[in-house]
Amino acid sequence: MLYQRPRGVNDILPEEVGRWQQAEATFRDLCRVYNYEEIRTPIFEQTDLFVRTVGENTDIVSKEMYTFEDRGGRSLTLRAEGTAPTIRAYLENHLQGQDPERLVKLYYLSPIFRYDRPQAGRYRQHHQVGAEAIGSPRPEVDAEIIQLSLTFFERLGLEEVTLLLNSVGCQQCRPQYVSALQEFVQPHLHQMCEDCQRRYETNPLRLLDCKNETCRQIMQQAPSMLDMLCDECATHFDRLQQTLDLLGIDYTIDPQIVRGLDYYTKTAFEFMAPGLGAQDSIGGGGRYDELIEQCGGPPTPAVGVGIGLERVLIAQQVAGAVEEVQPRQGVFVVTIGEQAWPEGLKLLTKLRAVGLKAEIDYRQRSVRAQLRYADSEGYQWAAILGEDELKQQSVTLRDMVSGQQESLPQSELITRLQVEDE
RNA sequence: GUGGGCGUAGCUCAAAGGUAGAGCACUUGACUGUGGCUCAAGUGGUUGGGGGUUCGAGUCCCCUCGUCCACCCCA
Numbered sequence: 000m001l002y003q004r005p006r007g008v009n010d011i012l013p014e015e016v017g018r019w020q021q022a023e024a025t026f027r028d029l030c031r032v033y034n035y036e037e038i039r040t041p042i043f044e045q046t047d048l049f050v051r052t053v054g055e056n057t058d059i060v061s062k063e064m065y066t067f068e069d070r071g072g073r074s075l076t077l078r079a080e081g082t083a084p085t086i087r088a089y090l091e092n093h094l095q096g097q098d099p100e101r102l103v104k105l106y107y108l109s110p111i112f113r114y115d116r117p118q119a120g121r122y123r124q125h126h127q128v129g130a131e132a133i134g135s136p137r138p139e140v141d142a143e144i145i146q147l148s149l150t151f152f153e154r155l156g157l158e159e160v161t162l163l164l165n166s167v168g169c170q171q172c173r174p175q176y177v178s179a180l181q182e183f184v185q186p187h188l189h190q191m192c193e194d195c196q197r198r199y200e201t202n203p204l205r206l207l208d209c210k211n212e213t214c215r216q217i218m219q220q221a222p223s224m225l226d227m228l229c230d231e232c233a234t235h236f237d238r239l240q241q242t243l244d245l246l247g248i249d250y251t252i253d254p255q256i257v258r259g260l261d262y263y264t265k266t267a268f269e270f271m272a273p274g275l276g277a278q279d280s281i282g283g284g285g286r287y288d289e290l291i292e293q294c295g296g297p298p299t300p301a302v303g304v305g306i307g308l309e310r311v312l313i314a315q316q317v318a319g320a321v322e323e324v325q326p327r328q329g330v331f332v333v334t335i336g337e338q339a340w341p342e343g344l345k346l347l348t349k350l351r352a353v354g355l356k357a358e359i360d361y362r363q364r365s366v367r368a369q370l371r372y373a374d375s376e377g378y379q380w381a382a383i384l385g386e387d388e389l390k391q392q393s394v395t396l397r398d399m400v401s402g403q404q405e406s407l408p409q410s411e412l413i414t415r416l417q418v419e420d421e
């Protein structure tokens, strides 16, 4: 074998593609019901789009992007996440129209590229479905996005998904919190891990979710963002919880949820599924009220979610929510002898022309071999053509489940199969 | 980016320096025009790739690629 696929990427094979299509169709249908419209943006963007929105000091930007220069010397980056390109397209194509407060609801299905060390549930190309609601500051819209996501998981048979909820504040209150946090950490900094010493400067919020034992002990006493939210953020968070309660959605408040992208404000949430090992987050999102203005648009509040399809499919498997058995379908044309072969080809063509799945054995093997193949490939019918049938202009139709067969005129075969098909 | 486990037939796995094997799958036959069960035979391998040690390497050493796990991070 001369070639193999690049590290950390997957081929999705015919036997598994049905599960992908099912998940995709489920998401599309939910989006239709929730009134989100599909948007498709390019597979690469100007590098700056990601750098400036996701944040220069995030892991995604500092070490995980697939960045390259095109022949014109432009720096481009493969889609590293879904929100920034969607917002770029929203602004560039004036989707907000004449009404600056119009609520624009978009969804996407897209590959995402991140250069990271692969392991189970983590790949260099993965696929996300996502939804963005742009133009409303209301917490009810946050709840809608969360509800849409949870319904998606539920429809795919994932019953033990948990929702972790937090608020990360806004321009008003977060800087104060960050200073408070730094002030708290400062005296302990020398005992903390290298990463945290770096985070202290570059991304202090991430100090909160360090897994290092010593760091965790120290951070347990740290002030909580939730205690320092400004009035607006606190009210928003309260009302989001009230709405979730109203809609019967369970959640756990977790002040550790920070999210790895800098643009989040107020609401941040994450969905966890059991059985995925270290990579147990199957989706996440939040509000990003400052992002659109930062991209050069008018101040526009928005909220969104991104869900990892690979992980959802793994979680489905772990949960035993995978139903495999495909119903039998189609006709296998069995020909016996040289005379029957051309008639078989003609019959095959007619069957296909009316939309029936039909196949023939181009190797013209024994009846035995043809029937065995028809059986193992899951055909519902065998249409047998041999000398006897040719003489009578008939065909022998065999039911591959019951084994019963009958002789009928060739002219009636198609109508007969179409009736059976219903 | 760091540390560790593993790469042998299409698949799941044996072979502890001495002839590369089994089960399943596949093909053919028993059954000269009938699948599933049974039985028999057969096809199938540069042991991930490259280099080295050795009379001799799937096995030991080095490099490399891939994969899995943990860290990190995320979906």
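Residue numbers for the first sequence follow numbering that gives the first Met the number 0, beginning at 0 and rising by one. Here a beta-carbon is modelled for each residue, glycine too, at the ideal position from N, C-alpha and C.
Q) What residue from E342, Y378 and W380 has the CA that sits closest to Q440's CA? A) Outside the shown range of the chain, which is 0 to 421, sits residue 440, and nothing can be said about it.
Q. How should T414 be labelled, buried or exposed, when 16 other C-beta atoms within 10 angstroms of its C-beta is the threshold for buried?
A. exposed
Q) What are the uninterrupted segments assigned as beta strand (DSSP E) that are 3 or more residues long and contained completely in the region 349 to 376, given in chain order? A) 357 to 359
Q: Measuring alpha carbon to alpha carbon, tell me which of V53, K390 and W19 ends up nearest I291.
A: V53
(Q) Just to confirm my understanding: we take R198, look at its own chain, exclude 5 residues before and 5 after, and list those with CB closer than 6 angstroms. What are they? (A) R205 and L206
**Q.** Cα-Cα separation, E337 to Q391
**A.** 17 angstroms
Q) Buried or exposed: where does A381 fall if 16 or more other Cβ atoms within 10 Å of its Cβ makes it buried? A) buried
(Q) Quick check on the burial criterion: 16 or more other C-beta atoms within 10 angstroms. Buried or exposed for L29? (A) buried
Q: Counting only the same chain and skipping the five closest in sequence on each side, list residues whose C-beta sits under 7 angstroms from that of L201.
A: The sequence as given places Thr at residue 201; Leu does not occur at that position. Only N56 meet the Cβ criterion.
Q) Nearest to T40 by alpha carbon, out of P117, E411, P84 and Q175? A) P84
Q: Going by CA-CA distance only, name the one from V60, V160 and A79 that's closest to R310.
A: V160
Q. Since H93 sits in a beta bridge, which residues does DSSP pair it with?
A. For H93, which the question treats as bridged, DSSP gives no partner whatsoever.
Q) According to the Cβ coordinates, are V332 and L347 closer than 7 angstroms? A) yes
Q) How long is the line joining the alpha carbons of G72 and Q45, rounded to whole angstroms? A) 11 angstroms
Q) Which term fits D141, buried or exposed, when burial requires 16 or more other beta carbons within 10 angstroms of its beta carbon? A) buried
Q: Identify every residue that forms a DSSP beta bridge with K104.
A: A132
Q) Helix, strand or coil: how does DSSP classify A233 here? A) helix
**Q.** Paired residues, beta bridge with W380 - DSSP
**A.** V330 and D398
Q: Could you round the C-beta distance between P254 and L228 to whole angstroms and report it? I think they count as a contact, below 8 angstroms.
A: Going by Cβ atoms, the distance from P254 to L228 rounds to 11 angstroms, so no, they are not a contact pair.
Q | Buried or exposed by the 16-neighbour rule on C-beta atoms within 10 Å, applied to H235 | A | buried
**Q.** Cβ neighbours of I144 in the same chain (closer than 7 angstroms, five flanking residues each side left out)
**A.** A130, A132, G284, V302, G303 and V304
Q.
I'd like to confirm the pairing. Which residues does DSSP put opposite S280 in its beta bridges?
A. M271
Q | Residues bridged to R121 (per DSSP) | A | Q118
Q | Pairwise C-alpha distance: V128 and I42 | A | 14 angstroms
Q. Since Q124 contacts P110 with CB under 8 angstroms, what's their CB separation in whole angstroms?
A. 5 angstroms
Q.
Quick check on the burial criterion: 16 or more other C-beta atoms within 10 angstroms. Buried or exposed for S393?
A. buried
Q | Start-to-end residues for the beta strand (DSSP E) that takes in V317 | A | Looking at the DSSP string, V317 is not in any beta strand (DSSP E); the run it does join, the alpha helix (DSSP H), is L308 to V317.
Q | Beta-carbon proximity of L396 to T334, cut-off 7 angstroms | A | no
Q. Distance, Cα to Cα, E68 vs A88?
A. 22 angstroms
Q: Count the other CB atoms, across all protein chains shown, that sit within 10 Å of the CB of G307; report buried if there are 16 or more and exposed otherwise.
A: buried
Q. Between L157 and A318, is the Cβ-Cβ spacing less than 7 angstroms?
A. yes
Q | Straight-line Cα distance separating I256 from D230 | A | 21 angstroms
Q) In three-state DSSP terms, what is S223? A) coil
Q. Touching or not, the region 180 to 189 and the region 211 to 222, by the rule of three or more beta carbon pairs under 8 angstroms?
A. yes
Q. In whole angstroms, what is the alpha-carbon distance linking S401 and A357?
A. 19 angstroms
Q: Under 6 angstroms Cβ to Cβ from L164, same chain only, skipping five residues before and after it: list those, please.
A: Y250, I252 and F268
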